[in-house]
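Worksheet: one structure, shown below.
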Ligand code: PEP
């Protein structure tokens, strides 16, 4: 795995003026760094952000998308609409969508399939809750979540980006230790190996309170190919520090 991918998840944050200021700082700081950068922004800002990122190295992503092509799905956004805006990534199955919008493993898998069919790379999120970790069910949970996606995508499963995001670490300031994260990443990689020819080509991101202080240690793990960053992606110096750590580790 050569360059790492650092993707920001802005969640429901931003406004026209602050988006512009943030992206200008990131674009400037990114020059000369050896890492892939992406920002996954609220849907309403995709056109603005795409225009601002047009001549930069920053890729643009959505935070969700519909599993359907078109039709009577009020409030939804299709993969085809994202494609028209040259959106490169779409997060699917973020734990906040699973929790607040009751998205099932099957829905997440259908969204991943729909993304790939439209030339968009899904960033598929998996992760266990604190109760599941404490009950020793971490491996079982992430394996189940990924297996539904692998089953749905079949031979295309190698085209996703996978993000391991322990739910208890998202937005809490708690981070999986590098060893805890590596253990799960290694098992996800082993699971992918049964479905795809070159499992090492699938980027597996870690997400969950990654920040400027802990990024280098997490990103140094063998099977951690990048990060999905929430809070720290909203401040240019923090996001750039993570990109800098990723750059220093690029092979
Ligand atoms: C996320 O929302 O995907 C995330 C990892 O958030 P945070 O970095 O704030 O924990």
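Residue numbers (our numbering): 64 to 314.
All C-beta atoms in this analysis are idealised placements derived from N, C-alpha and C, irrespective of residue type, glycine included.
Note that the structure is predicted; figures quoted are calculated from it, not measured.
Here DSSP, grouped into helix, strand and coil, assigns residue 149 to coil. Within the model, the alpha-carbon separation for residue 124 versus residue 199 is close to 33 Å. Checking the 7 Å criterion, the Cβ of residue 75 is out of range of every heavy atom belonging to the ligand PEP. Secondary-structure assignment with DSSP links residue 184 through a beta bridge to 152. In this structure, residue 288 sits near residue 266, with a CB-CB distance shorter than 8 Å. Under the three-state reduction of DSSP, residue 274 is assigned to coil, being neither helix nor strand. Cβ-Cβ distances below 7 Å link residue 97 to 66, 310 and 313 in the same chain, with the five nearest sequence neighbours on each side left out; the list follows chain order. Under the 10 Å beta carbon count, residue 229 is surrounded by 16 or more other beta carbons and is classified as buried.
Straight-line measurement puts the Cα of residue 249 at about 15 Å from the Cα of residue 290. Three or more beta-carbon pairs separated by less than 8 Å are not found between the segment 235-245 and the segment 213-225, which leaves the two stretches without contact. If you check the CB distance, residue 262 and residue 252 come in under 8 Å. Residue 148 is positioned such that its CB atom lies no closer than 8 Å to that of residue 120.
Note: residue 72 is bridge-paired with 103 in the DSSP secondary-structure output. Remark: the shortest separation between the CB of residue 191 and any heavy atom of the ligand PEP does not fall under 7 Å. Between the alpha carbons of residue 152 and residue 194 lies a gap of roughly 30 Å.
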